[in-house]
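Data block below; observations after.
Protein chains: 2
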Amino acid sequence: MAEVEDRRSRLQDDLEQVTELLQAYEARIEARDADEADAASQLSDSPELAKLRHKLDQMHPADVAYVLETLPVDERQVVWDLVRQERDGEILLEVSDAVREWLIEHMETDELVAAAEQLDADEIADLAPDLPPEVMDDVFASLSVEEREQLRAAMSYAEDSVGALMDFDMIGVREDVTVEVVLRYLRRRDELPDHTDQLFVIDREEHLRGLLAVNRLLVSAPDALVGSLMASEGIVSLRPEQDAQEAALAFERYDLVSAPVVGAAGKLVARVTIDAVVDFIRSRNESEMLSAGGLREDEDLFAPVWDSLRNRWTWLALNLVTAFIASRVIGAFEHAIEKLVALAALMPIIAGIGGNSGNQTITMIVRGLALGQITSGNARKLLAKEFLVAVLNGLVWGAVVGLFAFVIYHKWQLGAVMMGAMLLNLMLAAIMGFAIPITMHKLGRDPALGSSVMITAITDSGGFFIFLGLATIFLV
Amino acid sequence: MAEVEDRRSRLQDDLEQVTELLQAYEARIEARDADEADAASQLSDSPELAKLRHKLDQMHPADVAYVLETLPVDERQVVWDLVRQERDGEILLEVSDAVREWLIEHMETDELVAAAEQLDADEIADLAPDLPPEVMDDVFASLSVEEREQLRAAMSYAEDSVGALMDFDMIGVREDVTVEVVLRYLRRRDELPDHTDQLFVIDREEHLRGLLAVNRLLVSAPDALVGSLMASEGIVSLRPEQDAQEAALAFERYDLVSAPVVGAAGKLVARVTIDAVVDFIRSRNESEMLSAGGLREDEDLFAPVWDSLRNRWTWLALNLVTAFIASRVIGAFEHAIEKLVALAALMPIIAGIGGNSGNQTITMIVRGLALGQITSGNARKLLAKEFLVAVLNGLVWGAVVGLFAFVIYHKWQLGAVMMGAMLLNLMLAAIMGFAIPITMHKLGRDPALGSSVMITAITDSGGFFIFLGLATIFLV
């Protein structure tokens, strides 16, 4: 059983070996403390680097990508220089966006052209946004007419559309041929495209007529007709301009491995495979987590500090503005705080719990929208429920914080104001927590992005205003 | 091209039709304003329900699940009663955890047993946690010896392990037979298991020898030997007790459709397929989003209010405690605030931005840990970088808030204290934002869960303490 290994732990081992070889190499450089020229010359002759190059050659492109993402920039550069040029393309496809940008910045035009020429049209389209225009021109020039057509098609669709996920590497067959003919046709190629779980049955005008599962082919009699074996009812087909999220839901819902992409007039234009869908799901979830964490985009762990700062400033600036507003709201009630300084100590509680509760509502609604579970039919019922939950929470937690205030400051009026403010702020949180994502969705924007900042801003300023306002009326 | 439809929009149509039929049915009930008994008797004879049952019979189980998740509870009950009993099982597998619990609560023991008996061992294992013990006993009794073994095996592994994802529906072949023999063997079955992209090559002791891609089979000569066609080098194989997250990474990394699960001594025990992995990825991301939003678990959109409250209280209570602590920190400085009330208006800015910046660091580290990019080798470098970013942010944004304070309150000392407090709180945020997830990871806990609450608590109380402390020393 030596052949079968636990790939994950092997990956850790690979990383360790690479790091050790790199350290040995750096040690040698320092020992020799050679000048630039010598150091450069050693690149080729150092035995560690020879070992390292050999190691990298054996590794799966995705694993090389993992190593590159994990290494600090200087060591990353050494490793990248050792990767064989014909593998550059497939590795660029595997690394994270941030690291890809870094690698491309550090490559020559001719290297980039050579790398891109190793790839299929749809893969080049994935790299295209990061490639300098002069590189794309050379690449275009090097492609066949058909490939150019495909590249133009793939590049013409938005990043989050089916068109951005599709590839053109598929097998079409005719309805009126037998299994035997299809098998002979397949045997003529030494291998089938990855993820070929079904063949696409098309007519002479390339209209999609049905789908023939490869496994169906395996278990069928040689003289059976494709038309009699293919599925044609209720097929899942996608349109290139469709939202990739819908494609992901379809793959998940119907457990697909591949699906046809059909253009105008039902012509088969491409296919989408599960590996592209999984990458999309992963990267989409990542960007949701990142924006939830207040980061604008995927960040290279070892990005230059300046890039990190740029990546984080958008949100810090946004939060600063909302914080200033909240601060001015408090400022408007300074006379009340002067009279009763306890208000200053208590007000963050009202704001904090309000934000927490509002974010709970937002999370529910955003998820419901993403899964298409919220309809005009049930929206009102949902709002009513969220509001009821808020009222009950307001009474329960309002009582708790009211008691807290009373115990510490021995003023029952203060406790009452706390409770009232908590109740009102949670009601505000529920209404806005429902309204914000629904509105963004109606406006065609992604409710997952930014909703949380908005609700927090509202429940902060709103909470301070409600609490200090009530206090001014009833206490001071 | 009438057969090929856009499945997603069709799903919306299905939902509309179902809702209309339900409304027509309810209208009829009200019109007749019959008593319970009559109402019950109508269930069978009403033409709307007949139409509805027919409609449901035609729908994919995943689509029926979608409809059930989207309907309010009373209508959900009507639809569930109309679903054919032999489909109950497959639909229970498709619905969200929360809705599944609800459905199971509303089913009789014998219905549940009947539903479970429709399923494979690994599918029953998925339902097991929600099924009452007496049901599981009856199910066990109804299984064959082999199925019982499989069910026990599948149930014996943790929820987030490979064992929970695996199924037993796979095809093994021997090394020493020809392609022709394999094909004849396959033709004997009328269909292959779903997601059969490869056959598992095993010896007499069921040790995994290699993998034979189905597509390889298709394009090979009939007299070729399996041993000569199979892949045996660097195969990706999983262990049942392995973390499911590692399996997901492997499927994503190496674009797998299925992978063998190998037990002690390299014996083939089961396989994992991409559809199970996609469901795992989706549900894992969901629980991350939910916990980030302060929800304990997946919540049925139409859960009884009481369930919703229970689901949300854990986090509200937790935040309340941290808010109380922050409040007492402020309380300790009331004398300073009395002397200079502006402090009350300015302190939320320091706390807010600190929390924001800390969450950015946490997000980076949690993501790095999840992708296995953070090693003992690069951890120190990372901390240094995050700290540097924090210092620079502290100087820039500190200057901004300092200016803000000066402009509004015309006290340059106040501005200076603001700047100093911002700088210190962002440094605190960076160190804790790094330390918290790393520590949780070392303790074997999921750093994605709870880190955010902790960092916010620290930057709130810490921010108030730093700001008010500096103010007490230098201002009042």
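Those protein sequence lines, which keep their order, are chains A and B. Take the first sequence: its position 276, counted from the start at 1, is 275 in numbering that gives the first Met the number 0, and no numbers get skipped. Take the second sequence: its position 418, counted from the start at 1, is 417 in numbering that gives the first Met the number 0, and no numbers get skipped. Even glycine gets a Cβ: it sits at the ideal position worked out from N, Cα and C. Keep in mind the model is a prediction, meaning the values are calculated, not measured.
Nearest chain B C-beta to residue i closer than 7 Å, yes or no?
i, result
"A:Val476", "No answer is possible for residue 476 of chain A: it lies beyond the span of chain A, which begins at 0 and ends at 475."
"A:Val225", "no"
"A:Val388", "yes"
"A:Ile329", "yes"
"A:Ser286", "no"
"A:Ser460", "no"
"A:Pro60", "no"
"A:Leu469", "no"
"A:Thr313", "no"
"A:Ser160", "no"
"A:Pro71", "yes"
"A:Val172", "no"
"A:Glu2", "Interpretation of A:Glu2 is limited by its pLDDT of 35, a score under 50 that renders its predicted location unreliable; no figure is taken from the coordinates."
"A:Thr108", "no"
"A:Asp445", "no"
"A:Ser326", "yes"
"A:Asp129", "no"
Determine, for residue i, whether the minimum Cβ-Cβ distance to residues of chain A falls below 7 Å.
i, result
"B:Pro221", "no"
"B:Ser282", "no"
"B:Arg75", "no"
"B:Leu424", "Residue identity differs from the one stated: residue 424 of chain B is Asn in this sequence, not Leu. Output row for B:Asn424: interface = no."
"B:Ile437", "no"
"B:Ile465", "no"
"B:Ile364", "no"
"B:Ala322", "yes"
Classify residue i as buried or exposed, calling it buried when 16 or more other Cβ atoms lie within 10 Å of its own Cβ.
i, result
"B:Val144", "exposed"
"B:Ala1", "Note that B:Ala1 scores a pLDDT of 33, beneath 50, so its modelled location is shaky; the value from the coordinates is reported in the next line. That one is exposed."
"A:Val304", "exposed"
"B:Gln57", "exposed"
"A:Ala291", "buried"
"A:Gly443", "exposed"
"A:Ala152", "buried"
"A:Thr458", "buried"
Would you kindly work out how many angstroms separate the C-alpha atoms of residue i and residue j, rounded to a whole number?
i, j, result
"A:Ala350", "B:Leu55", "47 Å"
"A:Leu394", "B:His105", "31 Å"
"A:Met483", "B:Ala97", "Beyond the ends of chain A as shown, which are 0 and 475, falls residue 483 of chain A; an answer cannot be given."
"B:Val218", "B:Leu210", "16 Å"
"A:Leu255", "B:Ile234", "24 Å"
"A:Gly414", "A:Tyr408", "9 Å"
"B:Ile472", "B:Ala335", "10 Å"
"B:Gly376", "B:Phe433", "15 Å"
"B:Asn284", "A:Asp12", "28 Å"
"A:Asp137", "A:Ala127", "12 Å"
"B:Thr272", "B:Asp166", "8 Å"
"B:Met135", "A:Lys441", "46 Å"
"A:Thr18", "A:Glu47", "11 Å"
"B:Val391", "B:Glu385", "According to the sequence displayed, residue 391 of chain B carries Leu and not Val. Spanning the two alpha carbons is a distance of roughly 10 Å."
"A:Thr362", "B:Asp168", "37 Å"
"B:Leu216", "A:Leu300", "43 Å"
"A:Leu102", "B:Leu81", "58 Å"
"A:Arg329", "B:Ala343", "According to the sequence as given, residue 329 of chain A is Ile; it is not Arg. Approximately 7 Å, taken between the alpha carbons."
"B:Ala378", "A:Arg99", "22 Å"
Say yes only if the C-beta of residue i is nearer than 6 Å to one or more non-hydrogen atoms of the ligand SAM, and no if none qualify.
i, result
"A:Ala212", "The ligand SAM is absent from the structure shown, which contains no ligand whatsoever."
- prompt: Should the stretch 80 to 92 of chain B be called in touch with the stretch 107 to 118 of chain B, which here means at least 3 C-beta pairs below 8 Å?
  reply: Taking a cut-off of 8 Å for Cβ pairs, the stretch 80 to 92 of chain B and the stretch 107 to 118 of chain B touch, as three or more such pairs fall below it.
- prompt: In chain order, which beta strand (DSSP E) runs of at least 3 residues are fully inside the stretch 160 to 237 of chain A?
  reply: Runs of the beta strand (DSSP E) inside the stretch 160 to 237 of chain A: 197 to 201, 207 to 212.
task: Anything in the stretch 330 to 362 of chain B with a Cβ closer than 7 Å to a Cβ of chain E? List those residues in chain order, please.
output: Given the protein chain composition of this structure (A and B), no chain E is represented.
task: Could you tell me whether the stretch 313 to 326 of chain A touches the stretch 350 to 368 of chain B, where touching means 3 or more Cβ pairs closer than 8 Å?
output: Pairwise C-beta distances place the stretch 313 to 326 of chain A in contact with the stretch 350 to 368 of chain B, as three or more of them are shorter than 8 Å.
- request: Any chance you could list the beta strand (DSSP E) runs of at least 3 consecutive residues sitting entirely within the stretch 382 to 452 of chain B, in chain order?
  value: Segments of the beta strand (DSSP E) lying fully in the stretch 382 to 452 of chain B: there are none.
task: Answer yes if the stretch 327 to 345 of chain A comes into contact with the stretch 125 to 133 of chain A, meaning at least three C-beta pairs across the two stretches below 8 Å, and no otherwise.
output: They do not touch, by the three-pair rule.
- prompt: Per the contact definition of three or more C-beta pairs closer than 8 Å, is the stretch 188 to 199 of chain B in contact with the stretch 246 to 253 of chain B?
  reply: As far as the Cβ criterion goes, the stretch 246 to 253 of chain B does not touch the stretch 188 to 199 of chain B, which means the pair count is below three.
message: Does the structure place the stretch 454 to 473 of chain B close enough to the stretch 420 to 429 of chain B that three or more beta carbon pairs sit under 8 Å?
response: With the cut-off at 8 Å, the stretch 420 to 429 of chain B and the stretch 454 to 473 of chain B touch.
- prompt: Taking one C-beta from the stretch 153 to 169 of chain B and one from the stretch 220 to 236 of chain B each time, how about it: are there three or more such pairs within less than 8 Å?
  reply: Because the criterion of three Cβ pairs below 8 Å is not met, the stretch 153 to 169 of chain B and the stretch 220 to 236 of chain B do not touch.
field: Segments of 4+ residues assigned as alpha helix (DSSP H) that fall wholly inside the stretch 51 to 123 of chain B
entry: The qualifying runs are 60 to 69, 72 to 81, 84 to 93, 96 to 104, 108 to 116.
task: Can you check the stretch 299 to 367 of chain B for any alpha helix (DSSP H) of at least 4 residues that lies completely inside it and give the ranges in chain order?
output: Note on the stretch 299 to 367 of chain B: whole alpha helix (DSSP H) runs with a minimum of 4 residues are 304 to 330, 333 to 338, in chain order.
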